[in-house]
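Residue numbers (UniProt numbering): 1 to 243.
In structure tokens, the structure reads:
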């Protein structure tokens, strides 16, 4: 899970503690900065600054379980929010860039998607186990539509922090997918809606398909950030310096 990226906050806190363990006091503050990142994460302009998504699951064509039913990891390729954070600890200022965001499936059932979220925080890998609980809808005739959305619970949280809704997927292959993200926690409830594009591990080196990119550019307004870089997919990058 793709803005104040909710699942990143715990990882960023862990990252900061690992760097500043033993420092005096507990004056720790994390601010999300919405300007363009100045590290490897890339940004380009699109018109506007809001998210307008027109996806529909009325005919059952969007099935989130089917998309997630793969042994491959999904990389967050594009997003409409910056993953640049500024952190203050005892008057010490540091900037954290979150890149190489990867979702690794642990288990998929009819009701849940259990996965590990991997991220690179200034080159140091962090990870967190998350649970997505599918949201099912019933048609007037009484039949169930395939789920296209899930509420995500980071770590051991008892309440969901955001909802991810599948808005587009490449037919059959599901190589490239677009999600909208809605926040459910109180402190983020008023945040602007956001988009994420996820691409399969075997396809990510080619970038998004034409139809997936067209959908993203048309429906996901604002700036376009790219947390994925080619170095993300290197084995050494995946395994080094774990928190």
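All C-beta atoms in this analysis are idealised placements derived from N, C-alpha and C, irrespective of residue type, glycine included.
- Judged by DSSP in its simplified three-state form, residue 205 adopts helix.
- Exclusion of the five residues before and after residue 174 leaves 66, 67, 70 and 200 as the residues of its chain whose Cβ lies within less than 8 Å of its Cβ.
- Of the other Cβ atoms in all chains shown, fewer than 16 fall within 10 Å of the Cβ of residue 95; this residue is therefore exposed.
- Residue 121 is bridged by DSSP to 98 and 124.
- Between residue 77 and residue 228, the beta carbon gap of about 5 Å places them in contact (Cβ cut-off 8 Å).
- Counting C-beta pairs closer than 8 Å gives fewer than three between the segment 121-129 and the segment 143-153, which falls short of the contact rule.
- Less than 8 Å separates the beta-carbon of residue 181 from that of residue 194.
- Inclusion of residue 153 and residue 131 in the CB contact set at 8 Å is warranted, their separation being smaller than that value.
- Restricting attention to 119, 114, 165 and 135, the CA atom closest to the CA of residue 156 is found in 114.
- For residue 79 against residue 167, the beta-carbon gap comes to about 14 Å, at or over 8 Å, which does not count as contact.
- Straight-line measurement puts the Cα of residue 91 at about 44 Å from the Cα of residue 212.
- At a cut-off of 3 residues, the continuous stretches assigned as beta strand (DSSP E) that sit fully inside the segment 136-180 are 144-154 and 162-169.
- Excluding sequence positions up to five before and after residue 204, its CB lies within less than 6 Å of the CB of 75, all in the same chain and listed in chain order.
- Per the C-alpha coordinates, the member of 222, 202 and 109 positioned closest to residue 230 is 202.
- Relative to residue 207, the option among 177, 93 and 85 whose CA is nearest is 177.
- When the five nearest sequence neighbours on each side are left out, the beta carbons in the same chain lying within less than 8 Å of the beta carbon of residue 110 are those of 65 and 134, in order along the chain.
- Among the bridge pairs identified by DSSP, residue 72 is matched with none.
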